[in-house]
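Note that our numbering gives residue 1112 to position 116 of the sequence shown, counting from 1, and the numbers run on in steps of one.
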Amino acid sequence: MVKRSQDIDLKIFKEEICKGNTSFLSQAITLGESTLALHRKQFRDLLTELIPHSGSSIRIGITGTPGAGKSTLIESLGTYLIEKYHKKVAVLAVDPSSELNHGSILGDKTRMELLSRSEDAFIRPSPSKSNLGGVTQNTRESVYLCEAAGYDIILIETVGVGQSEIAVHSMVDFFMILQIVGGGDDLQAIKRGVYEHIDLLVIHKADEDKVNQARSEAANFKKMFALFPAKQSQWNPVAMTCSSKENTGISELWQTIVKYLEQTQNSGYFQKKRTLQNIAWYSELQQEQLKRFLEEHPKLNDGILQINQEVEDEILTPLRASKRLEKLLTSLFSNT
Ligand SMILES: Nc1nc2c(ncn2[C@@H]2O[C@H](COP(=O)(O)OP(=O)(O)OP(=O)(O)O)[C@@H](O)[C@H]2O)c(=O)[nH]1
Ligand SMILES: [Mg+2]
997 MVKRSQDIDL
1007 KIFKEEICKG
1017 NTSFLSQAIT
1027 LGESTLALHR
1037 KQFRDLLTEL
1047 IPHSGSSIRI
1057 GITGTPGAGK
1067 STLIESLGTY
1077 LIEKYHKKVA
1087 VLAVDPSSEL
1097 NHGSILGDKT
1107 RMELLSRSED
1117 AFIRPSPSKS
1127 NLGGVTQNTR
1137 ESVYLCEAAG
1147 YDIILIETVG
1157 VGQSEIAVHS
1167 MVDFFMILQI
1177 VGGGDDLQAI
1187 KRGVYEHIDL
1197 LVIHKADEDK
1207 VNQARSEAAN
1217 FKKMFALFPA
1227 KQSQWNPVAM
1237 TCSSKENTGI
1247 SELWQTIVKY
1257 LEQTQNSGYF
1267 QKKRTLQNIA
1277 WYSELQQEQL
1287 KRFLEEHPKL
1297 NDGILQINQE
1307 VEDEILTPLR
1317 ASKRLEKLLT
1327 SLFSNT
């Protein structure tokens, strides 16, 4: 039995987050990152209360190889949106390797000096877990919390290695990849699976002395994109150049995102994608719930451990083991 004193005051948390209190927002995200069952339950209750207040932001995913300049671009774009359009900007990160890199992805706040000082920005480093599923789930939940706290734009940085960019794609409205100028103008640099998800390719670090080369690389990508089959969104990926250091190309980048939003909101794809993402999210929760239920069911758990052991000891073949499991499940759940 949980003592009342251990409960967080849901009502206060909800009110303060909806007022945009970043201290409560941070505490709530930390609660969600906890592995303690009590904390997870409290967090889920809070999230359930907050979800009706969420959903109105634009969620943007930014990927690219380490050092491509993602954080610097986020600094430039975020500052631009705050100054020019008075937006509130939240920055989240999905980096399952951050524990190995000592949490470097956003640890270096010098890359986002202006944003980290701005009252209209909220920056949250990647949860320090090494498993992608956990990080993805925490980040997705943080998106809803940030939205309830009034952030209009959510920028999610993910390092372009492994599966994390696919995971980020499953939680954003718009997805872009950064490639450093001179990084090659063919798709080999971009994994095929990733191309299918990108809405914008930025030839980055296109500083004044490199801008011509960058433009020619972008033009080659444009030609290549035109040859790809139409996407479900009916949006042809755009290739453009940008220098976050010199702050060039940032407004064009934002205009591209605005155009995408107009097009997909008019066609209904925007909402459709969010619905599909919700279904995928529910499916993940369902898997997690079932797994936990099975693990916590004492008789079943003992039975499964016994069967596992017999497979290891070669007493049971995999097929016989699966039959035994079926029997066990039937005997435990046939009357319930
Ligand atoms: N010349 C030039 N350098 C840039 C530009 N944008 C970023 N950089 C530099 O590139 C380096 C890496 O930038 P980050 O923003 O940390 O890159 P990142 O992709 O976030 O890196 P990770 O988070 O480690 O994957 C830094 O030294 C930046 O100053 C740019 O537009 N031009
Ligand atoms: Mg970074």
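For each residue, glycine too, the CB sits at the ideal point set by N, CA and C.
Any non-hydrogen atom of ligand 2 closer than 7 Å to residue i Cβ
{"i": "K1066", "result": "yes"}
{"i": "R1120", "result": "no"}
{"i": "E1153", "result": "yes"}
Near ligand 1: residue i beta-carbon under 7 Å from a heavy atom
{"i": "R1107", "result": "yes"}
{"i": "S1166", "result": "no"}
{"i": "K1080", "result": "no"}
{"i": "D1205", "result": "no"}
{"i": "H1293", "result": "no"}
{"i": "S1239", "result": "yes"}
{"i": "G1060", "result": "yes"}
{"i": "K1268", "result": "no"}
{"i": "K1084", "result": "no"}
{"i": "G1063", "result": "yes"}
{"i": "H1200", "result": "yes"}
Per DSSP, cross-strand counterpart(s) of residue i
{"i": "V1307", "result": "None; V1307 has no bridge partner."}
{"i": "D1058", "result": "Looking at the sequence shown, residue 1058 is not Asp but Ile. According to DSSP, I1058 bridges with E1153, M1172."}
{"i": "F1118", "result": "A1086"}
{"i": "V1234", "result": "L1196"}
{"i": "S1239", "result": "T1244"}
Distance cut-off 7 Å: residue i Cβ against heavy atoms of ligand 3
{"i": "I1303", "result": "In the structure on display, ligand 3 does not appear, and the ligands it does have are ligand 1 and ligand 2."}
The segment 1163-1175 contacting the segment 1192-1208, beta-carbon criterion three pairs below 8 Å: yes
Do three or more CB pairs link the segment 1230-1250 to the segment 1209-1218 at distances below 8 Å? yes
Determine contact between the segment 1067-1079 and the segment 1109-1124, defined as no fewer than three beta-carbon pairs at a distance below 8 Å. yes
With three or more beta-carbon pairs closer than 8 Å as the criterion, would you say the segment 1260-1278 touches the segment 1237-1244? no
Count Cβ pairs between the segment 1021-1030 and the segment 1151-1161 that sit closer than 8 Å; are there 3 or more? no
Report the residue ranges of all alpha helix (DSSP H) runs contained in full by the segment 1010-1057; include only those spanning at least 4 residues, in chain order. 1018-1029, 1033-1046
Evaluate contact between the segment 1295-1304 and the segment 1258-1271, counting only Cβ atoms and requiring at least three cross-stretch pairs below 8 Å. no
Where in the segment 1264-1324 do unbroken runs of the alpha helix (DSSP H), each at least 4 residues long, occur, reported from the N-terminal end onward? 1265-1292, 1294-1308
Counting pairs of Cβ atoms below 8 Å between the segment 1144-1153 and the segment 1050-1059, do you hit three or more? yes
Count the CB pairs spanning the segment 1082-1091 and the segment 1040-1050 that are closer than 8 Å, and state whether there are at least three. no
Any chance the segment 1017-1025 sits against the segment 1132-1151, with 3 or more Cβ pairs inside 8 Å? yes
On the three-pair Cβ rule with 8 Å, is the segment 1003-1019 touching the segment 1037-1045? yes
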